[in-house]
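This report concerns only the one structure given below.
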Amino acid sequence: ALNVTPYITSSIIIQLLTIAIPALEEMQKDGEDGRKKITAITRFLTIGLAILESAGLAINFGRKGFMDSYNFWTVLSMIVILTGGSAFVMWLGERVTDRGVGNGISIILLINIVSTMPNDFKNIYTQFIKGKDAVRMCLIALLVVAIVVCVTILVCMLQGAERKIPVQYAKRIVGNKQYGGARQYIPLKVNAAGVMPIIFAQAIMFIPITFIGFSNVNDAGGFLHAFTDHTSFWYNFVFAVMIILFTYFYTAITINPTQMAEDMKRNNGFIPGIKPGKQTAEYIDDIMSRITLPGSFFLALVAI
């Protein structure tokens, strides 16, 4: 029932802490041993978040009258079952990854999304097509198909879109052979963060609902109550803003312009018209900021 939400949330927290805490940053750079330690910390944090979220759900269910007997032992058993299920899903994801099939958590998310698609199309048919005359049914069906195809094409274009930065390498003569002198390109992706900002934002948006569960939802303020309705204006506004911010954040932690500039300088490479070193790093960072903006807005639009 909790799906992989606790695991994703804990991964976000660990990534944020890695930037803020030097010990975690060193652990991340410590090869396979460091990766195993961070994975273990993420697991423990996942269990803690699962307990917190399942407690919020259990208490909320009890106060809404969904339980025949609302008492301490019923809530405790729900917390144990929901937390155990979340841990099992996390274990499944890790096994898929270990077997080399791919990123296990992403595959579980994909299956979750695909499994809801038949029901989504059924709802579209019920709300917009059913009961209409033949001409309107055909027009609406064609419109729905056109929207799906257009969004799919735009997503593929966004994922493949790149800004190529020309890099010139200085000529070097070793013996009778000449090295370098060729022009190459650094491909900077418009959407370097992929789908991760949407996953991060969805995981964070689940937290207010959890805390509302500890109180009476009906007594919650208007702004706070809006977070229980994913169709409300404030929910989607905050959701979009978080996606945009997480796009910049994830791009910043995955692409290091300073390191790229240093590597380029070490290999006698330079961007035509730009001085090697600091100015090259600033130039790359400026381009990344510009091309990330439309990518982040499009991600937010797709998510909404």
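Note that the working numbering has the sequence shown beginning at 4, numbered continuously upward.
Backbone N, C-alpha and C define an ideal beta-carbon position, used for all residues, glycine too.
Nearest to residue 166 by alpha-carbon distance, out of 85, 44 and 195, is 195.
Excluding the 5 residues flanking it on each side, residue 239 has same chain C-beta neighbours closer than 7 angstroms at 307, in chain order. Exposure of residue 188 is indicated by the presence of fewer than 16 other C-beta atoms within 10 angstroms of its C-beta. Looking at the DSSP output, residue 167 shares a beta bridge with 190. Look at the beta carbons and you see the region 295-304 touching the region 242-251: at least three pairs across the two are nearer than 8 angstroms.
The residues 203, 206 and 207, in chain order, have a CB closer than 8 angstroms to that of residue 15 in the same chain once the five nearest residues on each side in sequence are set aside. Three or more pairs of CB atoms, one per stretch, sit closer than 8 angstroms, so the region 58-65 contacts the region 79-92.
Around the CB of residue 149, fewer than 16 other CB atoms lie within 10 Å, so the residue is classed as exposed. Annotation for residue 275: no alpha helix (DSSP H) segment contains it, and DSSP assigns it neither H nor E.
The Cβ atoms of residue 87 and residue 111 lie no closer than 8 angstroms to each other.
Rounded to the nearest angstrom, the Cβ distance from residue 272 to residue 172 is 5 angstroms, consistent with a contact under 8 angstroms. By the C-beta criterion, the region 248-262 is judged to be in contact with the region 280-295, since at least 3 inter-stretch pairs fall below 8 angstroms. It is roughly 24 angstroms from the alpha-carbon of residue 278 to the alpha-carbon of residue 193. For the options 125, 108, 118 and 119, the alpha carbon positioned closest to that of residue 144 is the one of 125.
If the five residues before and after residue 65 are omitted, its C-beta is found closer than 6 angstroms to the C-beta atoms of 73, all from its own chain and listed in chain order. No residue range can be given for residue 131, since it is assigned to no alpha helix (DSSP H) and is classified by DSSP as neither H nor E. Two segments are said to touch when three or more pairs of C-beta atoms, one from each, lie closer than 8 angstroms; by this definition the region 23-38 does not touch the region 103-123.
A straight line joining the alpha-carbon of residue 210 with that of residue 9 spans about 10 angstroms. Taking 8 angstroms as the cut-off, the Cβ atoms of residue 52 and residue 17 do not count as close.
Taken through DSSP and simplified to helix, strand or coil, residue 172 comes out as strand. Secondary structure at residue 80: helix, using DSSP grouped into helix, strand and coil. Here residue 158 is near residue 305, since their CB atoms are less than 8 angstroms apart. Per the C-alpha coordinates, the member of 283, 161 and 4 positioned closest to residue 169 is 283. The shortest C-alpha to C-alpha distance from residue 107 to any of 93, 39 and 54 is the one to 93.
Residue 297: member of the alpha helix (DSSP H) spanning 281-306, first to last residue.
C-alpha of residue 38 to C-alpha of residue 137: approximately 59 angstroms in a straight line.
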